[in-house]
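Numbering (our numbering), first residue to last: 118 to 514.
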Ligand SMILES: NC(=O)c1ccc[n+]([C@@H]2O[C@H](COP(=O)([O-])OP(=O)(O)OC[C@H]3O[C@@H](n4cnc5c(N)ncnc54)[C@H](O)[C@@H]3O)[C@@H](O)[C@H]2O)c1
C-alpha cells in the first residue's frame, strides 16, 4: 500500500476533524502543518505528533515530499491558497464551500485543469450509508423520472460564534463571504445535485435574511453581516426544480430532512443515530412508492448493508467519508466523484440566490458569471510580514 504524505494549511476547528479521519486510514502520514497562529500550530502538531511546522504556507509548498495539501482556511482564502497549492504542482484537498464566490470557484477549477493536478472539495454528505443507498435507488430507477428535490437544513439557534460555537470569522463577509448557505447549505444542495447527476441550472430566485436578535457583544466582535436564513427556488433543464431552505436560526419547529421526488418513487434522508456510522443505532433511508395503488413507505436499514459491504468490497470505505475517498483517489484505487464540478454548481446556485436577493428578481444561470464578484482575500498581515495574494483574475488559463 502506497504511503500518502499530507501537509495541512490551517490548524483550526475543522483541521482537527480532518486529522481524526486521516488517523483512521492506514498508510497516511501527516508530515507538516501550517498556521499563522503559533500557539495553535504548536498545540496541534504536539497533539498529533506532526513533525514539521511552519507559519508561512509558502514554505510548506516549497517541499517536494508531499502527495497532497489540505486547505482548512476561512472561505475567502480557499481560492488564493488552493490555487497557490496547485500552482506549486501539488494535489489539493479544500474545505467547503469551494470558495467565497462563484467567480473564485471557477478560477479554482480552471487552475486544477491548467496545472494538471487533482482537486477535491470536502462535501461530506456525498458519502455514508444513507447516501450510498440513495444513489443506488436513483441508479436503479426506483424513483422513475425525478422532477423535484428539497434541500432542507435546520438549526433553531445555531449561528456560529454569536450563538457560542466556532470562531468569529464565520460571521464576517470579509472572511466567509456568506453565512448559512455556505456553511450547511452547500452540504444539502450538493447531496441532491450528486443524486440528480448535476443537472444544468436555468434560473434561480431567492432571498436571504438576518432578523433574529443575537448577543450584541459578539455581533460587534464578529461584525456579523451574513445570512442566518437562505431560501431559494432553482429551475433546471427538463422541468426539474429544487427548493432550498437553510437556517442557522429561525423561530420555528424542525424542518424535514432533504428529499427527492420522482413519478415512481421518492426518498428522504433521516437523522443518523448518534455514534460511529453503522454502529450506535439503526440508520434508515425512507423510500416512498406505491404497492398495487396503495401509497407505501419503506424504511431501508442501511447500517446493516454498510457493514456487510465493508467485508466484501475492499474499496467500500472510500465511499464512507470524504477523506477516505480522497486517499483512495490519490492511491489510484477508485475513480473520483467529481466534487469540483458538484461544488462549482452548488456555488452557482448559492450565488444565484444572493444575486436574486440583491437585484430583487429572478437570475438566469448565464448571467451569474458576469455578475459574480471575487470575495478572495487580497492581503493578510502576519508576524513575518504582509502576505500578498494576487487580485482577481488571479488565475487565467
Ligand atoms: N468549524 C466547523 O465546524 C466547520 C465545519 C465544516 C467546515 N468548516 C470549514 O472549514 C474552514 C475553516 O473553518 P474553521 O472553523 O476550522 O476555522 P478556524 O478559525 O477554527 O481555523 C482557521 C485557521 O486558519 C488559520 N489561518 C488563517 N489564515 C492563514 C494563513 N494565511 N496561513 C495559515 N493559517 C492561516 C487561522 O489562524 C486559524 O487557526 C471554513 O471554510 C469552514 O467553512 C468548518
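Here a beta-carbon is modelled for each residue, glycine too, at the ideal position from N, C-alpha and C.
- Segment contact: the segment 374–383 against the segment 240–260, three or more CB-CB distances shorter than 8 Å; contact assigned.
- Where residue 267 is concerned, the enclosing beta strand (DSSP E) starts and stops at 263–270.
- DSSP places residue 496 in the strand class (E or B) of the three-state scheme.
- Annotation: residue 284 to residue 277 spans about 7 Å, alpha carbon to alpha carbon.
- Taking the CA atoms as reference points, residue 162 sits about 10 Å from residue 152.
- Cβ-Cβ distances below 6 Å link residue 342 to 290 in the same chain, with the five nearest sequence neighbours on each side left out; the list follows chain order.
- Counting only residues of its own chain and dropping the five nearest sequence neighbours on each side, residue 488 has a CB closer than 7 Å to the CB of 472.
- Between residue 214 and residue 192, the C-beta spacing is below 7 Å.
- Inclusion of residue 400 and residue 246 in the CB contact set at 7 Å is warranted, their separation being smaller than that value.
- Annotation for residue 415: 404 place their beta carbon closer than 6 Å to its own, counting only its chain and skipping 5 residues before and after.
- Looking at the DSSP output, residue 208 shares a beta bridge with 185.
- Taking 7 Å as the cut-off, the Cβ atoms of residue 419 and residue 250 count as close.
- Contact between the segment 220–236 and the segment 302–318 is not established, with fewer than three Cβ pairs separated by less than 8 Å.
- Of 459, 139 and 451, the smallest CA-CA separation from residue 219 is found for 459.
- Contact check between the segment 322–340 and the segment 466–483: three or more CB pairs, one atom from each, fall below 8 Å, which counts as touching.
- Contact check between the segment 490–497 and the segment 369–376: fewer than three CB pairs, one atom from each, fall below 8 Å, which does not count as touching.
- Following the DSSP letters along the chain, one finds residue 426 inside the alpha helix (DSSP H) bounded by residues 419–429.
- Look at residue 376 here: in three-state DSSP terms it is strand.
- Counting along the chain, the unbroken alpha helix (DSSP H) around residue 250 starts and ends at 246–256.
- Just measuring C-alpha positions, the residue of 480, 426, 300 and 268 sitting nearest residue 365 is 300.
- The beta carbon of residue 152 sits closer than 6 Å to at least one heavy atom of ligand 1.
- Rounded to the nearest angstrom, the Cβ distance from residue 255 to residue 312 is 5 Å, consistent with a contact under 8 Å.
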